[in-house]
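Take a look at the structure below.
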Amino acid sequence: PETEFEGEIKIVNSEDSDDYCIIPVSLITPVSQNAVDSQLFQFLQRILERFPLLEQILESRLVFNKILNL
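Last residue of the sequence shown: 1467 (my numbering), numbering continuous.
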């Protein structure tokens, strides 16, 4: 799930501590890409298990593309 963070950054003049600026910041982290990738990988794996011919077609196409790229 997304996580939201809020805070502030304070920049202080090293020669005069009364001279400073406060900048409000916020950050929202995205949904974990690893979880999405894992679910997609599992889905594709199940499809290939049910349709072995599809796996053979994809593998032969990958080999063919590698030969052309050499």
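Backbone N, C-alpha and C define an ideal beta-carbon position, used for all residues, glycine too.
Practice problem: Could you check which residue in R1447, G1404, E1399 has the C-alpha nearest to that of I1420? | Solution: Closest by alpha carbon: G1404.
Practice problem: Indicate the three-state DSSP secondary structure (helix, strand or coil) for F1402 in the structure shown. | Solution: The three-state secondary structure of F1402, taken from DSSP, is strand.
Practice problem: Quick one: give me the first and last residue of the beta strand (DSSP E) that P1427 is part of. | Solution: Here P1427 belongs to no beta strand (DSSP E), and DSSP marks it neither H nor E.
Exercise. Under the assumption that P1427 contacts E1399 (Cβ atoms under 8 angstroms), give the Cβ distance between them as a whole number of angstroms.
Key: The pair is a contact, with the Cβ atoms about 7 angstroms apart (cut-off 8 angstroms).
Quiz prompt | Beta-bridge partners of K1407, as assigned by DSSP | solution = Partner(s): I1419.
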